[in-house]
Amino acid sequence: MEKARFSKTTTINLLIKHTISIQQKTVVSSMMKQLTTLATILVFFLSSHHTEAVLQVGFYSDKCQLAETIIRNEVVKAFVGDKGIAPGLVRLHFHDCFVRGCDGSILIDTTSTNKAEKDGAPNGRTLRGLEVIDNAKARLEAECAGVVSCADILAFAARDSIVLTGLYWDVPAGRRDGRISRAEETVDIPGPSFNLDQMTQSFAEKGLTQDDLVALLGAHTIGRTHCTAVTPRLYNYSSKTSQDPNLNPLLAKFLSQKCPINSEGEDTVFMNQTPLLMDSSYYANLFLHNGLFDSDQALLDSSETTQQVAFYATHGLAWQHDFVQAMVKMSQIQVLTGAEGEIRTNCRLINA
Ligand code: HEM
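Positions 34 to 385 (the working numbering) are the ones given, in order, by the sequence shown.
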């Protein structure tokens with residue numbers, strides 16, 4: 034029931050947003066077409082979602098009224114100081130959800146007896162935004178102790194980050210925090226050298242479809258990468274060629290300047306020409322062989338995914354819609370609810 038309710042709210046929200054944008058264009062016939070499409074999506078969306086009560090939009094409205102406001106304020110404050118916080122928080126949420134579900138386990142610190150997820154290979158020094166979660170948690174504990182989970186803070190912060198780069202949706206909440214975080218389980222996070230089958234499989238294991246994969250990878254329109262994730266495509270690629278022939282030579286040249294062969298672990302480069310804007314340029318770039326990672330470019334390795342990429346490249350609003358739906362889905366992977374897990378007092382430590 035609750036799921037159906039949030040779906041409706043989210044979809045109506047999108048409907049309003051699309052309508053506003055269409056009005057700005059003042060093209061009546063296009064407006065009619067778009068409204069018809071949106072109405073179809075609305076009907077499909079309301080009829081296709083199962084009804085079990087899991088998470089709920091407005092979960093904290095009676096328990097901690099200021100929860101979402103406090104989190105948003107912390108995200109905005111951090112964003113003003115460092116724009117990279119926004120993509121950082123989105124990736125943090127993704128990496129949390131792919132290991133043991135969206136349970137805030139990525140936030141737990143390593144101890145003398147346990148190497149935690151945040152020190153697993155795909156995370157380590159590449160994570161951004163951890164201190165934003167700490168600050169939000171400290172304020173939330175002062176406002177309403179023991180109520181708002183770290184897992185929910187992450188989900189809201191990811192949404193608020195994307196709001197700053199151009200999109201909005203309602204976040205169903207009510208996640209509880211996990212008590213286990215193991216570095217070795219970060220093998221569940223797909224890597225930049227994955228091919229399409231590997232990525233599809235990895236997403237399927239988390240209950241996400243290949244369509245979700247294509248829609249979510251559009252997040253790579255914002256943010257940065259460490260050079261070490263791209264240098265394998267630039268130097269000593271294979272015994273036959275030093276650079277990946279699937280990489281646009283112009284991009285390869287640019288990347289080589291930013292990421293020399295001896296790049297240090299801290300060197301980074303933006304993933305896109307519009308690193309702060311959630312547009313669909315990521316998809317158009319793939320047709321120019323400008324996908325940064327093998328895994329990005331691999332979206333053109335099947336006719337189905339190529340069609341979806343081509344559609345998104347030319348239909349930015351449709352991509353934004355699908356991205357939002359896929360984010361809401363991703364943020365519900367294996368969530369703990371009800372009496373499961375706990376509400377951590379400090380996101381870095383499991384409760385005593
Ligand atoms: C097959 C799937 C994926 C692979 C192989 C992949 C790989 C990567 C890699 C290697 C980086 C660079 C990290 C760094 O060096 O700092 C990155 C960054 C990023 N990824 Fe992904 N990713 C995948 C899916 C996703 C998804 C599903 C999302 C969001 C929903 C996402 C959002 C981001 C964002 C926002 C950044 C920029 C982070 C920052 O600027 O700090 N990625 N990704």
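Idealized CB from N, CA, C, for every residue including glycine.
Which residues in the same chain have their Cβ closer than 8 Å to the Cβ of residue 227, if we skip the five residues on either side of it in sequence?
235, 327, 328, 331
Considering only residues of the same chain and omitting the five flanking positions on each side of residue 280, which have a CB-CB separation below 7 Å?
266, 322
Can you pull the DSSP bridge partners for residue 206?
Its beta-bridge partners are 89.
For the segment 174-183 against the segment 118-128, do three or more pairs of beta-carbon atoms, one drawn from each stretch, fall closer than 8 Å, so that the two count as touching?
Contact between the segment 174-183 and the segment 118-128 is absent, because fewer than three Cβ pairs lie under 8 Å.
Between which residues of its own chain and residue 312 is the CB-CB distance below 7 Å, once the five residues before and five after are set aside?
254, 349
Do you know whose CA, among 183, 345, 99, lies nearest residue 381's CA?
183
Below 8 Å, can you find three or more Cβ-Cβ pairs linking the segment 131-140 to the segment 191-202?
no
Sorry if obvious, but does the Cβ on residue 226 come closer than 6 Å to a heavy atom of the ligand HEM?
no
How would you call residue 347, buried or exposed, if buried means at least 16 neighbouring beta carbons within 10 angstroms?
exposed
Helix, strand or coil: how does DSSP classify residue 158 here?
helix
Give the DSSP-derived three-state secondary structure of residue 280 in the structure shown.
When DSSP states are grouped into helix, strand and coil, residue 280 belongs to the coil group.
May I ask you to check if the CB of residue 127 is nearer than 6 Å to at least one heavy atom of the ligand HEM?
For residue 127, the shortest separation between its Cβ and any heavy atom of the ligand HEM lies below 6 Å.
Between which two residues does the beta strand (DSSP E) containing residue 303 stretch?
301-303
So what's residue 62 in DSSP terms, helix, strand or just coil?
In this prediction, residue 62 has a pLDDT of 41, which is less than 50 and means its spatial position is unreliable; what the coordinates show is noted afterwards. DSSP, read as helix, strand or coil, puts residue 62 in helix.
When every heavy atom of the ligand COA is checked, does at least one fall within less than 6 Å of the C-beta of residue 265?
In the structure on display, the ligand COA does not appear, and the ligands it does have are the ligand HEM.
Do you know offhand how far residue 230's Cα is from residue 351's?
25 Å
Return yes when the Cβ of residue 193 is within less than 7 Å of the Cβ of residue 133, no when it is not.
In this structure, residue 133 sits away from residue 193, with a CB-CB distance that is not shorter than 7 Å.
If we ignore side chains and look at the alpha-carbon of each, how far apart do residue 51 and residue 146 end up?
Since pLDDT at residue 51 reaches only 41, below the 50 mark, its modelled position is unreliable, and no value is offered.
Distance check for residue 367 and residue 373, CA to CA, integer angstroms please.
11 Å
Which residue from 303, 223, 342, 264 puts its Cα closest to that of residue 297?
264
Would you say the beta carbon of residue 211 comes nearer than 6 Å to a heavy atom of the ligand HEM?
no
In the DSSP assignment, find the unbroken alpha helix (DSSP H) run with residue 266 in it and report its ends.
264-267
Find out if the Cβ-Cβ distance for the pair residue 291, residue 302 is shorter than 7 Å.
yes
Identify every run of the alpha helix (DSSP H) within the segment 225-261, keeping only runs that are complete inside it and at least 4 residues long; order them along the chain.
229-238, 243-250
Based on Cα-Cα distance, which residue from 289, 157, 103 lies nearest to residue 189?
103
Can you grab the Cα-Cα spacing for the pair residue 65 / residue 198, in whole Å?
Any answer about residue 65 is weak, because its pLDDT of 42 lies below 50 and its placement is not dependable; what the coordinates show is given next. Computed Cα separation, rounded: 27 Å.
Taking 6 Å as the cut-off, does the CB of residue 161 come closer than this to any heavy atom belonging to the ligand HEM?
yes
Kindly give me the distance between the Cβ atoms of residue 245 and residue 187, rounded to whole angstroms, as I take these residues to be in contact under 8 Å.
Their Cβ separation, rounded to whole angstroms, is 19 Å, which puts residue 245 and residue 187 out of contact at 8 Å.
Would the beta-carbon of residue 88 fall within 7 Å of that of residue 251?
no
Check residue 382 in the structure and name its three-state DSSP category.
DSSP places residue 382 in strand when its eight states are reduced to three.
Less than 6 Å separating the Cβ of residue 328 from some heavy atom of the ligand HEM?
yes
Would you say residue 232 touches the ligand HEM, meaning its beta carbon is less than 6 Å from a heavy atom?
yes
Work out the CA separation of residue 185 and residue 433 for me, nearest whole Å.
Residue 433 is absent from the structure shown; the chain starts at 34 and stops at 385.
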